[in-house]
Ligand SMILES: Cc1cc2nc3c(=O)[nH]c(=O)nc-3n(C[C@H](O)[C@H](O)[C@H](O)COP(=O)(O)OP(=O)(O)OC[C@H]3O[C@@H](n4cnc5c(N)ncnc54)[C@H](O)[C@@H]3O)c2cc1C
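Residue numbers (this note's numbering): 141 to 866.
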C-alpha cells in the first residue's frame, strides 16, 4: 500500500460512494474541522470553561458549512431528504477527527431537537426545526439553538433515567381552554446551555391532574426563570458549552412533546419521558461511538510521522541511514502497537457506520410498522409487543430457510418481518457501538498517546492526541455510560430474533473464510460459536451455590458477555467493509489504483483484529464457564479427580507408566502435591474445551498478518505535514 487509504477507498468501505450529497457534506465538515476548529484548538481556545466569542464563531461556521442543517428536511431548511443517521455520523466523524468538543457542539442541537423529531407532533416538528435551521442566503435571522435536559443534580437522574426530580404541575386550567403548566427542573452537565434558546426537558408529574412523566419544550422567553447556570469546569470537550441550568417556567400544555389527551379531567401525555428518551438515544449514541472511532484513525498519521522523524538531526542519523529514514519504526514493537491502534480504529469505524446505515434502513420501515399497527388499532406498549410476536416467529423462520425456498419471497416482502429483523439488530448494534468504540476505544487511545512518548502528553502534540484521549472518556460517559449500554445489551442480545441473525452471521463468516482466508473470518466464526455456546450454557447453569448465572442482577456474568459480543460485532463489520472494497474498488478510477495492496493491508488489519477479538472472547468465556464452579479442595471427602497411591500401584500392573501421568496423587498418610486442590475436572464443559482448542489453532496466521501489516506501516507514504495545525 503506497499511501494512506483516501476518500475514494473510504466512500466505498463506508458505503456512500453513490451519495454525492454525503461526499459534499464530508468535504464541508472537514473544511470547518481542519480550518476553524483546528486553529481554535491550536490557539488555546480549550483553555477556558467560558463560552467565548471564538467558540460562538465556530457555531456560525457550522451554519455556513451546512452542518446545522443536516438534521432538517429540505422543507424545513435542510438539504438531505430521508433518513440522516449516516449523514450525521459522517459530519461528527469529520469534526471529531480534530476535536470532540466541536463535534459535540454540533450534535447537541440535534439532540435537543431529537425528542421533537422522534415523537413530537407535526406542528412541533415544523416549528422548532424551521427555527433551528440556519438562515438561507439573504435571510436575516439567527438560528435557534437548543439543549437536551435530562440529567439532574445528584441524587437524581443520571444513568438511572427513572429517578426524575423535575416537576410538572397544572398552573392554570380554564374551562374549554388549553391548560398552562408550571415546570420546575434543574439540570446538571447540560450541553449547549450557555446560548440555548429552547430546551427539551424530562419532567415527572407532581399533580394528580397530570399522568406520569413527559418531555416538555421550554423557551428562554417563557414566563419565569430560564437560568442558563454556571459553566461546568470540564477537563474535556471545552469547545462545547456545558452547565447546570435552573428552570421555573409557565408554559402551555401544547409544549408537551408528542401532545396529550385529556381523560377524566387528567392530562395524559401521549409519550412518557422514557419512551421518548429511548427513541432518541437509540440513534444519537451511534454518532457518539463514531466520534471516538475518528480519533483512533486520526492518530495513525501523526504517530507514523513522529516515529519516522524521531532521530533526525542527531549526529549519528545521517540522511539515507536507517536511523534517519525509519526512526523508531526500525523497532517491531512500535510498529505492532500502531497496527493495533489502526486495526481498532478500522473496526470501530466499520461498526459505527454499519449501525448508522442500519438506522437509515430502519427509520422508514419503523414508520411503516407504526402505520400498519395503527390501522389495526395498536399503538405502542405491550399491545405492540404482543402484535409483533408472530412477526418475530416469521422472521426467525425466514432466517432458517434455504436460499432457494419459495417461501422466502413471501416472508421477505412482509414489512413487519423486515422491521423486527432490523429492530433486533439495531437494539444490539447501537449499544455495542457506544460501548465498544468509546470504552475500549479510550483504552486504545492511551496506547496511541504513549507511542508519541513525552510529546504525546503535551499541548504541542500533533493531532491533539492527549485531548482526544481525555475527550474519549467523556464520550464513554455521556448519553449513558458503559453500564447503561451493557445493561441494554444484556437484554437485547438474548432476543431470539437477534440470536437467529447471529447464527446466520456465523455461517456467513465461514463462507467468507473459504474464499478470503486471510481476513480472519474463520477465527471470528469460531469465536462467535464459543460466545453462543457460553451464553446458552450460562442461561441454564447455576453457580456452585445453586444460584442462577444469567439474570439481570448478575452483572458479573451478563456484562462481560456483552463486552465479548461487541468485539465480535466490530470485527465482523470490519471484514465486511474490506470485502465491499475488494468487490467495488475496481469500478472507481481512484480507488482502483493500488487496490490489491490496500485490500491486502486492510485484510491483515482484519485478521489482527479478529485474533484479538478471539482472545478476548476466549478469556471472558473461559472465566465465566469455569469461574463459578467451586475449585476442588484437598479436604473434600471424595477426591474424584485423584488417584490414591495404593490404587496407582495396582493400576501400574495393567497400565505400565500410569504413575508418571497421574498428577493428583494422595498418599496413605493424606499428603498431596503443593497446590490449591486437585485439578478441577471439566465435567459438563468438555464441549467448551473442544471449542477453545479449535479457536486457539484458528489463530494460525494472525501474527504473520500482523507482521505484514507492520511492514506496510513502515513503508506507507504520508504527507509532508499534517493538514491541520498543531
Ligand atoms: C460534558 C458533559 C456533557 C453532558 N451533556 C448532557 C446533556 O446535554 N444533557 C443531559 O441530560 N445530560 C448530559 N450529561 C450527563 C451525562 O449523560 C451523565 O453524566 C451520564 O449519563 C452519567 O450519569 P452520572 O454522571 O450520574 O453517573 P453515575 O450514574 O453516577 O455513574 C457512575 C458510575 O456508576 C456506574 N453505574 C451507574 N448505575 C449503574 C448500574 N445500574 N449498574 C452498574 N453500574 C452503574 C456507571 O457506569 C459509572 O461508571 C453530560 C455530562 C457531561 C460530563
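Heads up, the beta-carbon is just placed ideally off N, CA and C, and yes, glycines get one too.
State the start and end residues of the unbroken beta strand (DSSP E) segment that holds residue i.
i, result
"residue 743", "First-last for residue 743: 735–767, but that is the alpha helix (DSSP H), not the beta strand (DSSP E)."
"residue 367", "363–367"
"residue 353", "353–359"
"residue 288", "286–289"
"residue 181", "No beta strand (DSSP E) contains residue 181, which is instead part of the alpha helix (DSSP H) from 178–182."
"residue 870", "Lying before the first or after the last residue shown, residue 870 is absent from the chain, which here runs from 141 to 866."
In whole angstroms, what separates the C-alpha of residue i from that of residue j?
i, j, result
"residue 218", "residue 620", "29 Å"
"residue 322", "residue 390", "5 Å"
"residue 346", "residue 325", "12 Å"
"residue 719", "residue 756", "24 Å"
"residue 786", "residue 771", "25 Å"
"residue 495", "residue 736", "27 Å"
"residue 805", "residue 814", "11 Å"
"residue 588", "residue 310", "54 Å"
"residue 726", "residue 163", "19 Å"
"residue 252", "residue 342", "11 Å"
"residue 417", "residue 202", "26 Å"
"residue 167", "residue 497", "19 Å"
"residue 853", "residue 844", "14 Å"
"residue 510", "residue 422", "17 Å"
"residue 367", "residue 540", "57 Å"
"residue 721", "residue 150", "8 Å"
Where do the ends of the alpha helix (DSSP H) carrying residue i lie?
i, result
"residue 233", "225–236"
"residue 258", "240–259"
"residue 529", "521–540"
"residue 673", "661–679"
"residue 324", "That residue, residue 324, is in no alpha helix (DSSP H); its beta strand (DSSP E) goes 320–326."
"residue 834", "826–838"
"residue 608", "605–617"
"residue 811", "Where residue 811 is concerned, there is no enclosing alpha helix (DSSP H), given that its DSSP letter is neither H nor E."
"residue 587", "581–590"
"residue 570", "555–572"
"residue 653", "636–655"
"residue 200", "193–205"
"residue 445", "440–449"
"residue 161", "160–172"
"residue 622", "622–632"
In three-state DSSP terms, what is residue i?
i, result
"residue 851", "helix"
"residue 857", "strand"
"residue 147", "helix"
"residue 498", "helix"
"residue 717", "helix"
"residue 863", "coil"
"residue 409", "strand"
"residue 774", "coil"
"residue 345", "strand"
"residue 383", "strand"
"residue 338", "strand"
"residue 706", "helix"
"residue 296", "coil"
"residue 461", "coil"
"residue 688", "strand"
"residue 398", "coil"
"residue 152", "helix"
"residue 427", "helix"
Classify residue i: buried if its beta carbon has 16 or more other beta carbons within 10 angstroms, exposed otherwise.
i, result
"residue 287", "buried"
"residue 691", "exposed"
"residue 356", "buried"
"residue 499", "buried"
"residue 471", "exposed"
"residue 654", "exposed"
"residue 667", "buried"
"residue 649", "buried"
"residue 783", "buried"
(message) Within 8 Å, do at least three Cβ pairs link the region 377–395 to the region 325–335?
(response) yes
(message) Check whether the region 539–559 and the region 391–402 are in contact - that is, three or more C-beta pairs closer than 8 Å.
(response) no
(message) When you compare the region 555–569 with the region 636–646, are there three or more beta-carbon pairs, one atom per stretch, that lie closer than 8 Å?
(response) yes
(message) Pairs of beta-carbons, one from the region 823–840 and one from the region 658–666, closer than 8 Å: are there three or more?
(response) yes
(message) Within 8 Å, do at least three Cβ pairs link the region 436–446 to the region 239–248?
(response) no
(message) Does the contact criterion of 3 or more C-beta pairs under 8 Å hold for the region 740–758 versus the region 469–485?
(response) yes
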